[in-house]
Structures are given as structure tokens and as C-alpha cells.
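Presented below is the structure to which this report refers.
2 protein chains.
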Amino acid sequence: MSLYGNPRCSDCGIRSRAVCARCDEVELQILEAAKFYRRYEAGRRIAWAGDEMNFVGSVVSGIATISQSMDDGRVQMVGLLLPSDFIGHPGRAITPYTIIAASNVTLCCFRRLQFERLIKDMPHISGRLLEMKFDELEAARQWMIVLGRKTARERVASLLFSVARREISFSLMPATRNVRIDLPLTREAMSEYLGLTLETVSRQINRLGREGIIALDKKRRIIIPDLARLNAETGGNLVSA
Amino acid sequence: MSLYGNPRCSDCGIRSRAVCARCDEVELQILEAAKFYRRYEAGRRIAWAGDEMNFVGSVVSGIATISQSMDDGRVQMVGLLLPSDFIGHPGRAITPYTIIAASNVTLCCFRRLQFERLIKDMPHISGRLLEMKFDELEAARQWMIVLGRKTARERVASLLFSVARREISFSLMPATRNVRIDLPLTREAMSEYLGLTLETVSRQINRLGREGIIALDKKRRIIIPDLARLNAETGGNLVSA
DNA sequence: CGGGCCTTTGATAACATTCAAGCTTCGTGG
DNA sequence: CCACGAAGCTTGAATGTTATCAAAGGCCCG
């Protein structure tokens with residue numbers, strides 16, 4: 102523990118990818134003094150659309166979902182928050198999104214106003230944040246092609262494929278065979294992400310299972326025998342991307 | 102004209118909203134020396150997915166589209182570029198998007214490497230760029246709900262409504278009645294934006310016309326008698342947004 | 001062991017796509 | 001200046017995918 106009773110940033114699992122990735126030792130000490138942790142159990146609401154949010158922060162562990170709703174109850178998930186992803190909008194108090202912990206989640210937080218002051222003098226943070234926003238925008242646009250143009254089957258395959266790829270990028274010995282993924286998402290949550298109904302998601306998952314493209318294990322756990330074969334079902338990748 | 106043969110930034114129509122919005126006089130002089138203009142005729146390609154882009158820049162006038170394609174030819178538009186919007190990704194040479202001028206377009210450009218150096222020392226630019234990326238991400242996520250959850254009718258109404266609203270925000274005397282919009286988009290381009298076929302777009306536009314929610318004038322020009330009534334057809338706005 | 005939530009599966013219906021044809025509009029060249 | 005052609009737009013009919021409605025089956029946790 103540091104002087105301030107907080108875990109040391111230098112030991113942090115998301116140190117190399119989070120908003121603080123470019124900070125030096127001196128800057129980290131400032132962050133260590135200001136940061137505080139929040140924990141949310143699976144299913145808990147982290148933010149509610151229209152709420153004032155008085156903190157910003159990074160996902161240290163767990164998965165959360167970002168979604169928007171329409172008046173009549175239709176819901177669309179617009180992003181997934183994974184470890185190292187940043188939550189919040191410096192300079193804006195009201196969040197337009199509902200954020201829900203899909204698994205148990207730990208956040209590394211800062212008071213919003215304090216963070217706004219901090220980044221004014223820390224280009225290492227604001228620069229990294231800009232970079233992350235570019236990546237996030239690119240991911241959102243990739244998802245637009247899924248929602249706008251892909252069939253139900255391709256959408257489900259796209260989701261599984263992107264989770265599997267991320268799983269691999271975090272793992273120590275990357276393999277493309279027998280990749281096991283634990284989806285912390287219900288069929289309903291997947292349908293909200295994919296712009297489908299939960300019944301359609303269920304049907305497509307089971308069809309991919311029957312065809313041997315994926316193997317189903319205990320409903321939420323999936324094994325992918327051959328990643329390339331799954332990729333072939335995603336509708337193909339983008340042109341020259 | 103300035104010392105450098107470029108139009109003065111202080112006279113620029115997008116001065117208050119573009120990436121340079123927060124710059125002071127000294128900074129503007131640096132930009133004035135470095136900037137150069139590019140013009141594209143309607144229909145011309147500004148960038149091609151996979152290309153190296155050696156410039157970044159702002160849209161001074163006109164409208165351009167950002168889109169992605171799949172191997173088999175399916176296309177999804179992922180953004181519209183309007184005056185003051187920024188094109189390019191400092192720090193990345195290859196663009197994943199195809200950008201096409203929908204009308205005649207003028208860009209205020211900088212060489213990419215030079216711009217990357219510039220913003221390192223100009224928090225007024227990088228800060229504004231971060232702000233703009235937040236807005237762009239929010240717009241992309243708004244669009245995800247259109248693509249994922251709205252009916253064809255609601256999608257078309259959403260597009261018309263958002264164009265109309267923007268038209269109003271630029272106009273000097275905002276009104277909500279008899280708003281006239283000139284769409285520089287073909288039915289096909291609209292369908293690419295909306296995740297529909299061009300036939301479906303055509304049918305929905307004409308249906309809205311028959312029902313008096315919009316008035317059609319020469320195919321590309323549309324008059325909206327009552328903005329509130331059009332808004333009611335968009336599927337309603339987001340909850341508490 | 002029971003209850004609640006999640007998931008699967010089936011039957012039906014709605015909506016958007018596809019395919020096809022004809023119609024405007026606009027620009028160009030005779 | 002008109003005729004022509006190409007591009008863009010509209011409309012119809014048939015098809016197909018996904019949503020909707022309904023019911024039953026599994027799983028986990030108290």
C-alpha cells in the first residue's frame with residue numbers, strides 16, 4: 102500500500118493500457134493520492150442515463166455495459182467496458198448512458214472536478230485519453246456495420262469472435278484452437294448489444310453449436326474449436342482494414 | 102489574405118466550432134502559416150479505406166460521407182462530415198474509412214506530421230480535439246440505436262429530423278415551421294447511412310410525404326411543415342437525454 | 001425441494017429485401 | 001433546342017428473415 106492507503110499504481114494490472122499509461126513516476130504519485138476505488142456487484146447500476154456523475158474512472162477488473170433506451174423501452178447497448186477502459190466525460194456532469202456491471206467490477210476513480218483540473222496540466226493523461234477516444238470511436242463505427250448490415254447469424258458470430266480475440270490478446274500463450282470464452286452476458290444482454298431479440302440470439306447460438314462452429318458448455322461458457330472457421334461466419338472482415 | 106497567401110483564420114466561417122476554436126491570435130498565426138486548402142468536387146473521393154493519409158483537416162464548406170465496406174460489397178456509412186468537422190487521426194497514417202465528398206467540399210488542411218508536432222505544444226488544439234471526439238462518439242452511439250432498434254420509417258424520420266435540426270442551428274432566425282432542407286444525399290446514400298435498401302428509403306420518404314409530415318420538392322429538397330410532428334415519427338427521443 | 005430467472009423451441013405474423021419494370025430528371029451533344 | 005441516354009427514383013409483387021407470442025424445459029440458489 103502507498104502512503105495514502107491506496108494500492109500502488111506501479112502494481113496495477115491495467116497500468117500499461119489505461120488513461121494513466123503514459124504517466125511518469127511523479128505523475129503517478131499525484132494520481133495515487135487522488136484516486137479511490139469503487140466496487141460493484143454483478144447486475145448493479147454504475148450510472149443511470151440523465152444522472153449527474155461526479156466521478157470518472159477506469160475499469161480495473163470486470164465487465165460493464167453501456168446502453169441507451171428509448172421511451173417505449175427499446176434498448177440498445179452501445180459499448181462494452183473492459184479492464185483499462187475509461188468511464189466518464191471530463192467537462193460534462195450529466196451522462197447520457199446507463200452503465201451496468203455485467204460481472205463484479207472494480208473501478209479506479211477520481212472526483213470529476215479534480216480530474217478536470219489534473220488533466221489540464223498533464224498532457225500525458227489528456228493525450229492518452231484522446232488516443233483512447235479515437236480507438237473507442239473506431240470500435241463504435243465497426244459496430245455500426247454489424248448493426249446496419251449484418252444478418253443475425255453474422256452478428257452473433259461477430260460478437261463471439263471479438264470476445265474471443267480479446268480473450269486471446271490478454272492471454273499469455275495465444276492460440277487459435279479450442280479457445281474458451283466465458284460470456285458474462287445473458288442472452289438478453291447479447292440481444293441488446295446485437296440489435297436482435299433474445300430468441301433470435303438463442304436460435305443462432307444453438308445453430309452454430311449444432312454445426313460444430315462453437316461448442317456449448319453450461320450455457321454461458323463457449324469453446325471455439327477453430328477461430329478461423331468462426332471468423333468465416335462473421336460476414337468477413339472490412340475491406341482493407 | 103494573410104502574409105502567407107492564405108485566407109485569414111479570423112474571417113473563417115468555422116472559426117468558432119472547428120479544432121482551432123480555442124486558439125488565440127498567436128496560435129492562429131502559426132496555423133495560418135501551415136494551413137493549405139483543398140477542394141473536392143461532388144462525388145470525388147477524399148480518402149480510400151486502407152490508404153495512407155498524409156494530411157488532416159477541417160471541413161470548411163460542403164458535406165462529406167464516411168463509410169466502411171465489407172468484402173461482398175455491403176456498405177455502411179458511419180458518419181457525416183459537416184462544416185467544422187475534423188478529418189484524420191493524428192498519429193496514424195492509414196485510414197480505415199472511405200471518405201467521399203457528397204457536395205463540393207473545401208478542406209482546411211495541415212500536413213499530418215506537422216500537425217502532430219503542433220498539437221504537442223498546443224493544448225488549445227488537443228483539448229478541443231478531445232472535446233470534438235467525445236461529441237463524435239456520442240453521435241455515433243446515438244446512431245447505433247437508430248441502426249439497432251428503429252423501424253425503417255423511424256430511421257428515415259430520424260435522418261430528416263437531424264438534418265433539419267442542424268440546418269436550424271446554423272440559421273440566423275431559427276424556426277420550427279416550414280423548415281426547408283436540401284439533402285445532398287441520393288436515396289442510395291441515405292440507405293447506406295440508414296442500414297436499409299434504397300427502395301425502402303424511397304417508400305418511406307414518399308409515405309411521409311403522402312401523410313403530410315414532409316413536403317417533397319424536386320426529389321432532393323424537402324420542406325418540413327411542423328418539426329414536432331416529424332420528431333414524433335422518429336420513435337421518440339432517448340430516455341432523459 | 002421449490003421458485004425465479006434464464007434459455008430453448010415452435011407457430012405465426014410483420015417488416016424489409018429482392019427482383020423487376022417503368023418513370024423522372026438532368027446533362028450532353030447533335 | 002430538342003433528343004437521347006444515363007443516373008436516380010418510384011412502384012409492384014413475391015420472398016425471406018426476424019420479431020412476436022406462447023409454452024415448456026433447465027439451472028442455480030435459497
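Quick note, the sequences are listed as chains A and B, same order.
To convert, count from 1 in the first sequence and add 101; that's the numbering used here.
To convert, count from 1 in the second sequence and add 101; that's the numbering used here.
Here a beta-carbon is modelled for each residue, glycine too, at the ideal position from N, C-alpha and C.
Everything numeric in this text was worked out from a predicted model, so none of it was measured.
DSSP places M233/A inside the alpha helix (DSSP H), whose first and last residues are P224 to R250. Per DSSP, the unbroken alpha helix (DSSP H) holding A290/B starts and ends at R288 to L295.
When C-alpha distances from L295/B are compared across S259/B, P191/B and V206/B, the shortest belongs to S259/B.
If you compare the alpha carbons of T207/A, L299/A, F262/A and T298/A with that of I282/A, the shortest gap goes to F262/A. Identification of residues in the stretch 225 to 236 of chain B having a C-beta nearer than 9 Å to some C-beta of chain A yields S227, G228, L230, L231, E232, K234 and F235, given in sequence order. For L260/A, the uninterrupted alpha helix (DSSP H) run begins and ends at A253 to F271, by DSSP. Here the alpha carbons of L284/A and L328/A stand approximately 16 Å from one another. Not a single C-beta of chain A is nearer than 8 Å to the C-beta of E300/B. Within the same chain, I167 come within 6 Å of G180/A by CB-CB distance, once the 5 residues on both sides are set aside.
With a cutoff of 8 Å on beta-carbon distance, A148/B and T196/B are scored as near each other. Annotation: the continuous beta strand (DSSP E) that includes N279/A extends over R278 to D283. Each residue's CA atom was taken as its position, placing V157/B and C113/B some 18 Å apart.
Within the stretch 156 to 202 of chain B, the complete beta strand (DSSP E) runs of at least 3 residues fall at 156 to 162, 165 to 170, 176 to 182 and 199 to 202. For V120/A, there is no enclosing beta strand (DSSP E), since its DSSP letter is neither H nor E. The count of Cβ pairs closer than 8 Å, one atom from the stretch 200 to 208 of chain A and one from the stretch 138 to 145 of chain A, reaches three, so the stretches are in contact. Sequence-ordered contacts of the stretch 112 to 127 of chain A with chain B are nonexistent [C-beta pairs closer than 9 Å]. DSSP, read as helix, strand or coil, puts E133/A in helix.
For T301/A, the enclosing alpha helix (DSSP H) covers residues L299 to R311.
Neighbours of I306/A in chain B, taken as residues at a C-beta separation under 8 Å, are lacking, since the least C-beta distance is about 18 Å.
When DSSP states are grouped into helix, strand and coil, E142/B belongs to the coil group. Residue range R213 to K221 is occupied by the alpha helix (DSSP H) that includes I220/B, with no beta strand (DSSP E) assigned at that position.
Bounds of the beta strand (DSSP E) holding A316/B are A316 to D318. No Cβ of chain A is located within less than 8 Å of the beta carbon of A258/B. In this structure M274/A is exposed. Its beta-carbon is surrounded by fewer than 16 other beta-carbon atoms within 10 angstroms. Contact of P275/B with chain A by beta-carbon distance below 8 Å is absent, the smallest such distance being about 23 Å. With a cutoff of 8 Å on beta-carbon distance, P191/B and I220/B are scored as near each other. When D186/A, Q243/A, F271/A and V302/A are compared, the shortest CA-CA separation from V280/A is found for F271/A.
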